[in-house]
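Data block below; observations after.
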Amino acid sequence: MTPPSPNLSLVDTDPAELAVDAVVIGVHSQPEPPADAAGPAATLLLATGAEAVAAAFDGRLTETLALLGATGAPGEVIKLATLGTVTAPVVVAVGLGPEPSGAAPAPETLRRAAGAAIRALAGAQRVALALPVPDDTDATAVLRALAEGALLGGYRFAGYKTRPQPARREPVAEVAICVPDAADPAAGAEVLRARAVTRAVRLTRDWVNTAPNELRPPAFADAVTEAARAAGLTVEVLDEKALAEGGYGGILAVGQGSTAPPRLVKLSYRPADGGSGKQVALVGKGITFDSGGVSIKPAQGMWEMKSDMAGAAAVGGAMLAIAELAPSVAVDGYLSMAENMPSGGSYRPGDVITMYGGKRVEVLNTDAEGRMVLADAIVRACEDGCDYLLETSTLTGGQVISLGKRVAGVMGTAELCERVRTAGDAVGEPAWPMPLPDDVRKGMDSDIADISQVNAGMDRAGHMLQGGTFLREFVADGVPWAHIDVAGPAYHSGEPTGHWTKGGTGVPVRTLVELVEDIAANG
Ligand code: BES
Ligand code: MN
Ligand code: ZN
Numbered sequence: 032m033t034p035p036s037p038n039l040s041l042v043d044t045d046p047a048e049l050a051v052d053a054v055v056i057g058v059h060s061q062p063e064p065p066a067d068a069a070g071p072a073a074t075l076l077l078a079t080g081a082e083a084v085a086a087a088f089d090g091r092l093t094e095t096l097a098l099l100g101a102t103g104a105p106g107e108v109i110k111l112a113t114l115g116t117v118t119a120p121v122v123v124a125v126g127l128g129p130e131p132s133g134a135a136p137a138p139e140t141l142r143r144a145a146g147a148a149i150r151a152l153a154g155a156q157r158v159a160l161a162l163p164v165p166d167d168t169d170a171t172a173v174l175r176a177l178a179e180g181a182l183l184g185g186y187r188f189a190g191y192k193t194r195p196q197p198a199r200r201e202p203v204a205e206v207a208i209c210v211p212d213a214a215d216p217a218a219g220a221e222v223l224r225a226r227a228v229t230r231a232v233r234l235t236r237d238w239v240n241t242a243p244n245e246l247r248p249p250a251f252a253d254a255v256t257e258a259a260r261a262a263g264l265t266v267e268v269l270d271e272k273a274l275a276e277g278g279y280g281g282i283l284a285v286g287q288g289s290t291a292p293p294r295l296v297k298l299s300y301r302p303a304d305g306g307s308g309k310q311v312a313l314v315g316k317g318i319t320f321d322s323g324g325v326s327i328k329p330a331q332g333m334w335e336m337k338s339d340m341a342g343a344a345a346v347g348g349a350m351l352a353i354a355e356l357a358p359s360v361a362v363d364g365y366l367s368m369a370e371n372m373p374s375g376g377s378y379r380p381g382d383v384i385t386m387y388g389g390k391r392v393e394v395l396n397t398d399a400e401g402r403m404v405l406a407d408a409i410v411r412a413c414e415d416g417c418d419y420l421l422e423t424s425t426l427t428g429g430q431v432i433s434l435g436k437r438v439a440g441v442m443g444t445a446e447l448c449e450r451v452r453t454a455g456d457a458v459g460e461p462a463w464p465m466p467l468p469d470d471v472r473k474g475m476d477s478d479i480a481d482i483s484q485v486n487a488g489m490d491r492a493g494h495m496l497q498g499g500t501f502l503r504e505f506v507a508d509g510v511p512w513a514h515i516d517v518a519g520p521a522y523h524s525g526e527p528t529g530h531w532t533k534g535g536t537g538v539p540v541r542t543l544v545e546l547v548e549d550i551a552a553n554g
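Residue 168 in this note's numbering is what sits at position 137 of the sequence shown, and the numbering runs on without skipping anything.
Here is the structure:
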C-alpha cells in the first residue's frame with residue numbers, strides 16, 4: 032500500500048510556539064549584497080512568514096543559516112537545530128530564489144519549495160510551513176500551491192520490496208500551514224481542493240509506477256472502474272468482444288499482439304445542477320507497456336515504457352478529482368488501453384486498418400501505436416457529442432527532443448491550445464503550442480489508404496507534429512480540440528526534485544482539472 036497522504040491543516044498561531052517536529056521557513060538569495068554589508072549573512076534574506084522564528088534567534092538566524100551554507104537557491108534545504116530558541120527542535124530553511132518584486136513568490140516556486148521541504152523531512156511526524164502567504168487576493172493561489180506541494184512532496188510509491196526497510200523514513204504524517212486567519216472559509220476551501228486534486232495526482236502516479244506485469248489492460252480497467260465507481264462516476268467498459276462488435280479497429284490492432292486483451296473505458300461525470308449544457312471530452316493513451324511491437328524498441332530504457340499509459344492514468348485521475356470538485360459542466364473521460372507486444376498475432380508494418388468510424392490507415396511502424404488507439408477513442412468521443420476535446424498522451428520521443436522533459440507540446444485548434452498553455456502556467460505544468468503544418472500532412476499521404484500512420488517515407492522530421500496531424504484527421508469538424516504530448520513531463524527518471532518524486536509525475540492531471548473548471552466557469 033502506498034503510504035497515506037499527509038494530513039493537512041491550517042494554523043494562525045505563532046510558528047515559534049508550535050509543538051511540531053520542524054518549522055519550515057523560506058530564504059531568498061540576494062545576488063548582489065548592498066555595498067555596506069559585512070559578512071556572509073548579507074547574501075541571504077529571510078522570507079515573509081519567518082519573522083517570529085527569526086525574533087526567537089535574537090537576530091542571528093540569517094547569519095547562522097549562511098554559516099551552514101544556505102544560499103537561498105531554489106530547492107535548497109538547510110536544517111538547523113533550534114536548541115530551545117523556538118518550541119520545534121528543528122528549523123528548516125528552504126530556498127526560494129531571489130526576492131520577488133511583487134508581494135509573494137510565484138506559486139510554482141512555493142509549490143516546489145513545500146514539496147522539497149516535506150520530502151527532506153521524511154521521518155518527522157508533524158511539520159509546520161511558515162512560508163510567505165500574502166494577506167490579499169493572491170493568497171488563494173499561494174495557499175493552493177503550498178498545500179499541493181506539501182501533499183505531493185509527501186508522496187511515495189509503495190514498491191515491491193519483500194523485507195521491511197528499517198532505514199527508510201516514512202513520509203511526514205501531518206502538515207500545518209501557517210496562514211493569517213485559519214478560520215477563513217476561503218482558506219479552508221483551498222485545503223479541501225488540494226486534498227481532492229493531490230489524491231488524484233497521487234493515484235495517477237501509483238498507476239504509472241505500477242509494474243507493467245501487474246497493470247495489463249484488464250487490470251488497469253478494473254482498477255480505474257473501482258476508483259471511478261467509488262467516486263460516483265458512471266463507468267462503461269468495452270472489452271475485446273465489445274470492441275470487435277463495435278469496430279474499434281485501431282485499439283484492436285495494437286492489442287492483438289498481446290495475450291492480455293485491450294479495453295476502452297468511458298467515465299462520465301454529470302453536474303447535479305444540470306451544468307452549463309456544455310460537454311467536455313478527455314481522452315488518454317493507455318498503452319500499459321510499449322515494446323514497440325514488431326517494430327521493436329532497443330532494450331536500453333525500454334522499461335520506462337511501463338509509463339506509456341500515463342495519459343490514460345491522468346484522465347482517470349482528473350475524472351476522480353472532477354467528481355469531487357463538482358464543476359458545472361458535463362465531462363466524459365475515455366481511456367484507451369492496450370499492450371503493444373511482438374508475437375505471431377501482432378499487427379505489422381504494411382497492414383491496413385479500418386478504424387472506428389471507417390477511415391483506413393496504412394501502418395508503417397507498429398511503434399506508432401498511440402495514435403492508433405487514440406484515434407478510435409477520439410471518434411467515439413465526437414460521436415457521443417462534445418464541445419471541447421482534450422487528449423493527452425506520451426505520444427512521441429519527438430516531444431522530448433523539441434521541448435525537453437518539463438514542457439508538454441500542445442497541438443490543435445489555436446484558442447484551445449492557448450487555454451491549455453494558460454492553465455498549465457497557472458498550475459505549474461508548462462505546455463507550449465506547436466503548429467500542424469500542411470507539409471507534414473502531405474507527407475502522410477498513403478498510396479493505398481486514407482492516411483499513413485507516420486510520414487510515408489518514414490522521415491522523422493517534425494516527428495511530434497506527425498502525431499498531432501494524424502490525430503486531427505479523426506476529430507469531428509468544428510470541435511475545438513487540443514492534443515497534449517507529455518512524453519517527457521509524465522515521467523521523471525532523475526533524482527526527486529521539488530514535489531516530483533522518481534517515476535510518474537501525475538502531469539497533466541492538474542492542467543486538465545484547471546481547464547475543466549475554467550470551461551465550467553467561462554464556457
Ligand atoms: N510511447 C512512445 C513515445 C515515447 C518516447 C514516450 C519516449 C515517452 C518517452 C511512442 O509510442 C513511440 O514509440 N513513438 C515513436 C513514434 C515513431 C515510431 C513514429 C517515437 O517517438 O519514436
Ligand atoms: Mn510506441
Ligand atoms: Zn507508445
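Cβ coordinates follow ideal geometry from the N, Cα and C atoms, glycine included.
This structure is a prediction, so every number in the text was calculated from the model and none was measured.
Three-state secondary structure assigned by DSSP to E107: Of the three classes helix, strand and coil, the one that applies to E107 here is coil, per DSSP.
Chain-order list of residues whose beta-carbon lies under 6 angstroms from that of G499 (same chain, five-residue window excluded): Non-local C-beta neighbours of G499 in its own chain, meaning closer than 6 angstroms and more than five positions away in sequence, comprise M442, L467, H514, ordered along the chain.
Verify the CB distance criterion: does T444 have a CB-CB separation below 8 angstroms to chain C? You won't find chain C in this structure, because it holds only one protein chain.
Going by other Cβ atoms of all chains shown within 10 Å of its Cβ, with 16 needed for buried, is I479 buried or exposed? By the neighbour-count rule (16 or more Cβ atoms within 10 Å), I479 is not buried but exposed.
Measure the CB-CB distance between G80 and I56 and report whether it falls below 8 angstroms. Taking C-beta atoms as the reference points, G80 and I56 count as a pair closer than 8 angstroms.
Coarse secondary structure for T229, derived from DSSP in three states: Looking at T229 - three-state DSSP - the assignment turns out to be helix.
For V346, collect the residues of the same chain with a Cβ closer than 6 angstroms to its Cβ; drop the 5 residues on either side in sequence, then sort them by chain order. Cβ within range, chain order: L313, G315, G364, L366.
Nearer than 7 angstroms: is that true of the beta carbon of D561 relative to any heavy atom of the ligand MN? The question about residue 561 has no answer here: the residues shown for the chain are numbered 32 through 554.
How would you write the range of the alpha helix (DSSP H) that K533 sits in, first residue to last? No alpha helix (DSSP H) holds K533; DSSP gives it neither H nor E.
Between P197 and A399, what straight-line distance do the alpha-carbon atoms span, to the nearest angstrom? Going by the C-alpha atoms only, they are around 44 angstroms apart.
Is the stretch 257-274 touching the stretch 365-383 in the sense that three or more CB pairs, one from each, lie closer than 8 angstroms? The stretch 365-383, when compared against the stretch 257-274, does not touch it at the 8 angstroms Cβ threshold.
Just mark N486 as buried or exposed, buried being the case when its beta carbon has 16 or more other beta carbons within 10 Å. Around the beta-carbon of N486, 16 or more other beta-carbon atoms lie within 10 Å, marking it buried.
For V438, tell me which candidate among V232, A330, D516 has the shortest Cα-Cα distance. The residue with the shortest Cα to Cα distance from V438 is D516.
With distance defined between alpha-carbon atoms, name the residue in A151, D169, E526 nearest to G181. Strictly speaking, residue 181 in this sequence is Ala, with Gly absent from that position. Considering only alpha carbons, the answer is A151.
Compare the Cα-Cα distances from H59 to each of V266, E201, G103, I550 and report the closest residue. Across the set V266, E201, G103, I550, the C-alpha of G103 shows the shortest separation from the C-alpha of H59.
Using 7 angstroms as the cut-off, classify the Cβ of G278 as near or not near the heavy atoms of the ligand MN, replying yes or no. Relative to the ligand MN, the beta carbon of G278 is positioned no closer than 7 angstroms to any heavy atom.
DSSP three-state call for T397: helix, strand or coil? T397 carries a coil assignment under DSSP once its states are collapsed to helix, strand and coil.
Compute the Euclidean distance between the alpha carbons of S132 and E48, then round it to the nearest angstrom. Our two residues, S132 and E48, have alpha carbons roughly 30 angstroms apart in a direct line.
Please list, in chain order, all residues of the same chain as A518 whose beta carbon is under 7 angstroms from its beta carbon, the five residues on each side excluded. Within the same chain, T425, L426, T427, G428, Q430, V431 come within 7 angstroms of A518 by CB-CB distance, once the 5 residues on both sides are set aside.
If you draw a straight line from the C-alpha of G288 to the C-alpha of T241, how long is it? Answer to the nearest angstrom: the Cα atoms are 21 angstroms apart.
Own chain, CB closer than 6 angstroms to G455, minus 5 neighbours either side, in chain order: So the list reads P461, A462, T542, once near-sequence residues are dropped.
Please look up how many angstroms separate the CB atoms of E221 and L174, rounded, as I've assumed it's under 8 angstroms. At roughly 5 angstroms, the Cβ-Cβ gap stays under 8 angstroms, so E221 and L174 are in contact.
If you follow the alpha helix (DSSP H) that G126 is in, where does it begin and where does it stop? Per DSSP, G126 belongs to no alpha helix (DSSP H); it is in the beta strand (DSSP E), 121-129.
Simplified DSSP assignment, three categories, for A72: Since pLDDT at A72 reaches only 44, below the 50 mark, its modelled position is unreliable, and no value is offered.
D339 CB to nearest heavy atom of the ligand ZN below 7 angstroms: Within the cutoff, so yes.
Assumed close pair E370, P248 - CB separation to whole angstroms, cut-off 8 angstroms: Under the criterion of beta carbons closer than 8 angstroms, E370 and P248 qualify as touching, at roughly 6 angstroms.
Do the CB positions of E358 and V547 come within less than 8 angstroms of each other? One detail in the question is off: residue 358 reads as Pro in this sequence, not Glu. Pairing P358 with V547 gives a Cβ-Cβ distance under 8 angstroms.
Per-residue burial, G26 [other beta carbons within 10 Å of its own, 16 or more giving buried]: Only positions 32 to 554 of the chain appear in this structure, which leaves residue 26 out of reach.
Classify L420 as helix, strand or coil using the three-state DSSP reduction. Here L420 sits in strand by DSSP.
Apart from the five residues on each side of it in sequence, which residues of its chain come closer than 6 angstroms, Cβ to Cβ, to G537? Closer than 6 angstroms at Cβ, skipping near neighbours: V232, T235, R236.
Rounded to whole angstroms, what's the CA-CA distance from M372 to V325? Just pull it up for me. A straight line joining the alpha-carbon of M372 with that of V325 spans about 7 angstroms.
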